[in-house]
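Protein chains in written order, with numbering that gives the first Met the number 0: chain A, 0 to 196; chain B, 0 to 161.
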Amino acid sequence: MATINYGYREINCKIVYYGPGMSGKTTNLETIHKKVPPTNRGKLTSLATKTDRTLFFDLLPLDLGTIKGFKVKFQLYTVPGQVYYNATRKLVLRGADGVVFIADSQKDRYDDNVESLENLRENLKEHGMDLDAMPFVIGWNKRDLPDVMSVEELNAKMNPRGVPNFEMEALTGRGVFEALRAVTRMVLEKLEKEGTR
Amino acid sequence: MNKQGGSLSAEQMQTIESVLAGYVKDAGIRTVLLVDPDGHLVCQSGAMDTIDPVSFGALVSANFASTQQIAGQMGEKEFNAFYIQGKEKDLYVSAVEDKAILVSIFARGTTVGMVKIFAEKTVKEISANLVPGEGGDQKGLSVGGGFADSALAELDKVLGGI
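If you want it as structure tokens, here you go:
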């Protein structure tokens with residue numbers, strides 16, 4: 000959960016990028032890292048295997064500057080998507096203020112998307128959190144590839160609540176910033192309304 | 000602040016800063032960081048050298064969380080601390096109950112036993128200052144209306160417009 004440090008006049012929030020392996024979570028952070036000026040971001044830290052698969056997490060700190068007297072900081076995390084890294088996924092989810100689910104739009108990845116979404120729900124539950132009650136957006140990634148499912152079909156099958164969702168091409172940035180903006184808005188509005196509980 | 004997030008008052012921060020500064024001096028350590036269980040840096044004291052405190056705090060927090068999982072698999076309820084030995088500098092990480100993590104960095108000339116003793120005392124002092132509710136866990140952020148809109152406007156600037 001967000002922490003408010005009234006001593007330092009600082010607010011820290013945590014957003015987690017979740018989704019199946021190779022869906023584009025790390026690419027989202029890399030694209031944001033390239034776009035944001037160095038004065039507003041920290042180092043992109045990646046705990047990856049030798050083959051560049053996320054082992055533990057990627058982390059990108061963002062600094063929005065001072066707003067109404069508070070320094071507002073976000074930490075963007077990814078989780079390892081591969082099925083057998085569930086213990087680490089669970090650890091990274093701890094204290095998340097918002098989640099961006101990165102789905103792979105390709106037809107042959109549909110089952111992986113569904114499994115990962117269900118896994119997200121279960122892991123949040125173990126932390127006493129409810130996906131339906133927290134800031135949550137979806138990015139339908141890899142829209143540029145052939146043989147993708149339609150967004151209408153993806154929404155019908157995976158997004159019955161109709162949470163904000165975005166067509167995405169993480170490599171070019173299409174949809175990446177919109178998704179970040181949407182989840183940030185939801186996190187800040189929740190914080191404004193409910194505080195840190 | 001607590002294991003579910005929270006807030007810290009200016010008075011709490013002053014006390015914690017003073018406790019950490021005293022710890023650095025008394026134990027002869029180089030750097031100390033206080034990190035919350037979610038990986039957010041709360042406070043720091045001493046020399047930062049090449050350390051980026053934000054990512055360092057997040058990495059240590061994740062490392063500490065993974066040791067708790069290891070403890071569970073070993074049949075231990077939890078690990079209260081761990082020590083990592085380097086060539087030039089060592090790292091000692093200790094839990095402030097479930098409220099925060101105290102990260103101590105010290106040069107090889109400093110005795111780890113001494114660090115442990117002072118860390119234990121420091122953990123008790125900090126823990127007494129991190130009582131949930133006393134820091135002002137508040138219903139709603141008391142910054143007036145329009146906070147989210149102002150923050151989003153800043154995000155748009157940072158992203159150079161969407």
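Don't be surprised by glycine CBs; every beta carbon is placed ideally from N, CA and C. Values in this document were obtained by computation on a predicted structure and should not be read as measured data.
According to the DSSP assignment, Ser6/B belongs to no alpha helix (DSSP H) but to the beta strand (DSSP E) extending over Gly5 to Leu7. In this structure, the straight-line span from the alpha carbon of Ser45/A to that of Asp57/A is close to 4 Å. Here DSSP, grouped into helix, strand and coil, assigns Tyr83/A to helix.
Exclusion of the five residues before and after Asp48/B leaves Arg29 and Thr30 as the residues of its chain whose Cβ lies within less than 8 Å of its Cβ. Neighbours of Met12/B in chain A, taken as residues at a C-beta separation under 7 Å, are given in chain order as Asn4, Gly6 and Tyr7. Nearest C-alpha to Ile3/A among Pro19/A, Arg142/A, Val71/A and Met133/A: Val71/A.
By the Cβ test, the segment 19-26 of chain A is in contact with the segment 102-120 of chain A, since at least three Cβ pairs between them sit closer than 8 Å. Taking the CA atoms as reference points, Thr121/B sits about 40 Å from Asp148/B. At a Cβ-Cβ threshold of 8 Å, Val182/A and Ile31/A do not count as neighbours. Using beta-carbon distances, Asp51/B counts as an interface residue toward chain A, with a partner under 8 Å.
For the set Asp155/B, Gly108/B and Gly144/B, the Cα lying nearest the Cα of Glu188/A is the one of Gly144/B. For the segment 7-24 of chain A, the set of positions with a beta-carbon nearer than 7 Å to some beta-carbon of chain B reads Tyr7, Asn11 and Lys13 in chain order. Neighbours of Leu187/A across chain B, judged by C-beta separation under 8 Å: Phe146, Ala147, Ala150 and Leu151. One thing to note: Gly138/A has its Cβ no nearer than 8 Å to the Cβ of Ala9/B. Between the C-alpha atoms of Thr48/A and Leu28/A there is a straight-line separation of about 17 Å. The Cβ of Val92/B sits no closer than 8 Å to any Cβ of chain A. Between Glu96/B and Ser126/B, the CB-CB gap stays under 8 Å. If you look at Leu28/A, you'll find it in the alpha helix (DSSP H) that goes Lys24 to Lys34. Pairing Ile100/B with Val150/A, the inter-Cα distance amounts to about 43 Å.
Its Cα nearest to that of Val175/A, the residue Asn140/A stands out among Asn140/A, Asp146/A and Asn158/A. Spatial neighbours of Phe100/A in its own chain (CB-CB distance under 6 Å, excluding positions within 5 residues in sequence) are listed in chain order as Tyr17, Gly18 and Ile137.
Scanning Met73/B, Leu90/B and Glu75/B for the CA closest to the CA of Phe81/B turns up Leu90/B. Distance between Thr53/A and Asn85/A, taken at the CA atoms: about 12 Å.
Less than 8 Å divides the Cβ of Val102/B from the Cβ of Val59/B. Of the residues assessed, Lys24/A falls on the buried side of the cut-off, its CB having 16 or more other CB atoms within 10 angstroms. The C-beta of Ala61/B comes closer than 8 Å to at least one C-beta of chain A. Taking the C-beta atoms as reference points, Leu144/A is found nearer than 8 Å to Gln105/A. Neighbours of Ser65/B in chain A, taken as residues whose beta carbon is under 9 Å from its own, are Phe55, Ala86, Thr87 and Leu90 in chain order. If you draw a straight line from the Cα of Lys34/A to the Cα of Leu61/A, it comes to about 11 Å. Taking the C-beta atoms as reference points, Glu9/A is found nearer than 8 Å to Phe69/A. Each of Val186/A, Arg173/A, Met157/A and Lys67/A was checked against the Cα of Arg108/A, and the nearest Cα belongs to Met157/A. Assignment of Pro134/A by DSSP, reduced to helix, strand and coil, places it in the coil class.
Met133/A and Gly127/A have their C-alpha atoms some 12 Å from each other.
According to DSSP, Leu19/B shares a beta bridge with no other residue. Cα atoms of Ser54/B and Leu32/B: separation of roughly 12 Å, rounded to the nearest angstrom.
Under the three-state reduction of DSSP output, Asn128/B falls in the helix class.
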